[in-house]
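See structure below.
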Amino acid sequence: NNLISKSKLINDIKEFLSKSNLYVFVQKLIDQGFRIFLVSDHGNIFAKGNGVHASKDLVNEKARRFMIFDHMELSTEYETEKTELLQFKNIIGDQWLLLETQNEMFDNLGQEQITHGGISGEEVIVPFIKVVRK
11 NNLISKSKLI NDIKEFLSKS NLYVFVQKLI DQGFRIFLVS DHGNIFAKGN
61 GVHASKDLVN EKARRFMIFD HMELSTEYET EKTELLQFKN IIGDQWLLLE
111 TQNEMFDNLG QEQITHGGIS GEEVIVPFIK VVRK
């Protein structure tokens with residue numbers, strides 16, 4: 011389940027860091043007067059498949075968290091209660107963008123996976139951490 015997946019990810023990160031030289035490297039940089047900041051390019055989320063699959067012939071572009079269609083009628087066939095259908099004429103012309111708005115993805119029903127955050131809070135709020143000596 012989602013909680014187990016998150017717990018495993020956190021434990022995997024802790025294990026990786028315990029075996030790496032990151033702490034020693036950062037400590038040496040601080041000792042030499044460097045200011046250290048950690049930042050992430052974007053977030054990820056644990057998503058669950060919603061069972062929605064679009065034929066590659068009907069979709070211009072697709073990923074786990076979005077699909078782009080030429081025609082609104084096609085895109086509405088794949089809408090769910092947790093998707094948002096948008097059109098940005100000045101960005102993607104007459105195409106239609108179908109976005110997942112919650113922790114779901116276009117994949118096999120119930121399949122869980124870490125995936126791109128899309129428009130989630132985890133995606134748009136980027137961590138920025140200053141490392142200081144205790």
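Numbers 11 to 144, taken from our numbering, label the letters of the sequence shown in order. We put the beta carbon where it would ideally sit given N, CA and C, even for glycine. Here the structure is a predicted model, which is why all the values come from computation and not from measurement.
Please go through the same chain and pick out, in chain order, the residues whose beta-carbon is closer than 6 Å to the beta-carbon of valine 62, but skip the five residues on each side of it. Reading the sequence shown from its first residue, position 52 is the one you call residue 62. The residues are Tyr88, Phe116.
Alpha-carbon to alpha-carbon, glutamate 132 and methionine 77: In the sequence shown, the residue the question calls residue 77 occupies position 67. In the sequence shown, the residue the question calls residue 132 occupies position 122. In a straight line, the C-alpha of methionine 77 is about 20 Å away from that of glutamate 132.
Run of the beta strand (DSSP E) containing asparagine 118, from where it starts to where it stops: One-based indexing of the sequence shown puts residue 118 at position 108. For asparagine 118, there is no enclosing beta strand (DSSP E), as DSSP marks it with neither H nor E.
Distance, valine 69 Cα to threonine 86 Cα: Position 76 of the sequence shown, counted from the first residue, corresponds to residue 86. Position 59 of the sequence shown, counted from the first residue, corresponds to residue 69. Their backbone Cα atoms lie some 12 Å apart in a straight line.
Check asparagine 83 in the structure and name its three-state DSSP category. The sequence position of residue 83 within the sequence shown is 73, counting from 1. Strictly speaking, residue 83 in this sequence is glutamate, with asparagine absent from that position. Helix at glutamate 83.
Give the range of the alpha helix (DSSP H) segment to which lysine 99 is assigned. In the sequence shown, residue 99 corresponds to position 89, counting from 1. Note, lysine 99: alpha helix (DSSP H), 99-102.
Phenylalanine 79 to glutamine 112, Cα distance in whole Å? Counted from its first residue, the sequence shown places residue 79 at position 69. Counted from its first residue, the sequence shown places residue 112 at position 102. About 20 Å.
My guess is that isoleucine 46 and valine 36 are in contact by the Cβ rule of under 8 Å, so how many angstroms apart are they, rounded? Numbered from its first residue, the sequence shown carries residue 46 at position 36. Numbered from its first residue, the sequence shown carries residue 36 at position 26. Sure, about 6 Å apart at Cβ, within 8 Å.
Counting only beta-carbon separations shorter than 8 Å, does glutamate 122 have a partner in chain D? Here chain D cannot be found, since the structure has a single protein chain.
Taking all protein chains shown into account, decide if glycine 103 is buried (16 or more other Cβ within 10 angstroms of its Cβ) or exposed. Here residue 103 refers to the residue found at position 93 when the sequence shown is read from its first residue. Exposed: under 16 other Cβ atoms inside 10 Å.
So is glutamate 110 buried or exposed if we call it buried at 16+ other beta carbons inside 10 Å? Taking the first residue of the sequence shown as 1, we reach residue 110 at position 100. When all chains shown are included, glutamate 110 counts as buried.
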